[in-house]
Amino acid sequence: MKPGIHPAYRPVVFRDRAADYAFLTRSTATSDKTIEWEDGNTYPVVDVEISSASHPFYTGTQRVLDTAGRVERFERRYGRERGKR
């Protein structure tokens, strides 16, 4: 890498407030807030709204939508007859 043009790549804690979950990783993200981590060191902390700990896809709470029923209801409502185009 060319020196002097890239942002600092350092350890950062990402905290998901919704799930009360935090993880330490390396990133170029910046923050004025800090947190003392389990290892006793202080790291910058970035609060995120959603992570794998709270996202419905990863937690298994994802809703399945009945798209076939929605199409049929739309066709009944707005008058397209089956078989005619």
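Count along the sequence shown starting at 1, add 43, and that's the number in our numbering. Yeah, the Cβ is synthetic: ideal placement off N, Cα and C, and Gly gets one too. Given the structure is predicted, the values throughout are model-derived calculations rather than measurements.
Kindly indicate which three-state DSSP category residue i falls into: helix, strand or coil?
i     : result
Tyr64 : strand
What are the residues that DSSP puts in a beta bridge with residue i?
i     : result
Pro87 : Thr77
Asp59 : Tyr64 and Val91
Pro54 : Arg69
Got a sec? Which residues, its chain only, sit under 6 Å from residue i by beta carbon, not counting five neighbours each side?
i     : result
Ser94 : Asp59
Pro50 : Thr71
State the CB to CB distance for the pair residue i and residue j, rounded to an integer number of angstroms; the pair is presumed to be in contact (CB under 8 Å).
i     : j     : result
Ala61 : Ser97 : 4 Å
Val55 : Val89 : 6 Å
Thr73 : Thr85 : Not quite, the Cβ-Cβ distance comes to about 15 Å (not below 8 Å), so this is no contact.
Who are the near neighbours of residue i in its chain, counting only those whose CB is closer than 8 Å to its CB and skipping five residues on each side?
i     : result
Tyr52 : Arg69, Ser70 and Thr71
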